[in-house]
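As structure tokens, the structure follows; a few thoughts come after it.
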Amino acid sequence: MLLTEAEIASLLRQESITDELPWNTGDERAIDSSIAETIAEVRRTHRLQDQTEFGHYGSGYASFVDCWLYRNELAFKYDSGDCYWGLVVLFSRLSNYYVLGEGQKTWHEKSSASYMPSFEFVDKLLHPAVISIADDVCAVLDRRGFVRAHAANLSELLPASTEVPTILCDPPYRHFDALFHWED
Numbered sequence: 217m218l219l220t221e222a223e224i225a226s227l228l229r230q231e232s233i234t235d236e237l238p239w240n241t242g243d244e245r246a247i248d249s250s251i252a253e254t255i256a257e258v259r260r261t262h263r264l265q266d267q268t269e270f271g272h273y274g275s276g277y278a279s280f281v282d283c284w285l286y287r288n289e290l291a292f293k294y295d296s297g298d299c300y301w302g303l304v305v306l307f308s309r310l311s312n313y314y315v316l317g318e319g320q321k322t323w324h325e326k327s328s329a330s331y332m333p334s335f336e337f338v339d340k341l342l343h344p345a346v347i348s349i350a351d352d353v354c355a356v357l358d359r360r361g362f363v364r365a366h367a368a369n370l371s372e373l374l375p376a377s378t379e380v381p382t383i384l385c386d387p388p389y390r391h392f393d394a395l396f397h398w399e400d
């Protein structure tokens with residue numbers, strides 16, 4: 217089990233569960249800045265592009281930063297136009313934990329589409345191009361003090377009476393939902 221009952225309660229109050237900087241400050245700008253610096257290093261080091269959501273998806277509160285990494289190369293494309301597979305990194309704003317997943321994004325002149333984070337995609341890396349960059353990305357994150365959480369650590373169900381402020385899923389909630397939730 218990755219999270220204690222006390223840590224889950226803190227997460228649901230939007231409080232940090234680590235003594236590590238910058239999370240222990242509770243300063244969202246400092247936390248997001250640290251995450252942004254890490255993403256910039258990943259991009260530089262491994263020639264990747266990103267689309268990262270720091271703005272709580274435009275409203276509400278997201279307990280995480282959603283980073284999607286890819287290359288503008290045929291190996292990452294899945295259709296004509298701007299349709300790509302990418303590596304998803306969800307960075308917790310309340311701890312130094314992160315999870316990996318895989319997601320598709322498309323964008324056109326008049327529309328766009330994207331995955332939504334969920335427990336179901338954690339650790340499910342199937343596309344060869346995404347798999348090819350995952351270890352390199354993790355190496356940078358680990359060096360910078362982030363700790364990868366896995367589906368097996370986050371799969372435990374929360375008590376049925378637990379209310380998680382999220383629109384990403386319906387009950388029953390898991391430890392994942394306490395760590396990575398979005399309230400619109």
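Using our numbering, the first residue of the sequence shown is number 217, and each one after it goes up by one.
Positions of the beta carbon are idealized from the N, C-alpha and C atoms, including for glycine.
DSSP state of PHE292 mapped onto helix, strand, coil = helix
Could you give the distance in angstroms between the alpha-carbon of GLY297 and the alpha-carbon of ALA225?
-> 44 Å
Might you give, ordered along the chain, the residues of its own chain that have their beta carbon closer than 6 Å to the beta carbon of VAL338, omitting 5 neighbours on each side?
-> VAL315, GLY317 and ALA367
Should THR322 be flagged as near chain C, meaning a C-beta pair shorter than 9 Å?
-> Here there is only one protein chain, and chain C is not present.
State the Cα-Cα distance for the pair GLY361 and ILE251, rounded to the nearest angstrom.
-> 11 Å
Starting from PHE280 and walking both ways along the beta strand (DSSP E), at which residues does that stretch end?
-> 280-286
Cβ-Cβ separation, LEU310 to GLU231 (assumed contact under 8 Å), whole Å | 7 Å
Are LEU303 and VAL353 closer than 9 Å when you measure CB to CB?
-> yes
Residue of TRP284, ASP400, ALA350 and ASP351 minimising C-alpha distance to PRO306 = At residue 306 the sequence reads Leu, which differs from the Pro that was named. When each option's Cα is compared against that of LEU306, the closest is TRP284.
Within the segment 246-279, ranges of the alpha helix (DSSP H) (whole runs, at least 4 residues) = none
Is the Cβ-Cβ distance between VAL356 and HIS262 less than 9 Å?
-> yes
Since SER203 sits in a beta bridge, which residues does DSSP pair it with?
-> Not covered by the structure: residue 203. The range shown for the chain is 217 to 400.
Close-in-space but distant-in-sequence residues of the same chain around LEU219 (CB under 6 Å, 5 per side omitted) | HIS391
beta-carbon ALA256 near the ligand ADP non-hydrogen atom, thresh 8 Å | What this structure holds is no ligand at all, so the ligand ADP is not there to describe.
Among GLU221, GLY242 and ASP400, which residue has its Cα nearest to the Cα of SER308?
-> GLY242
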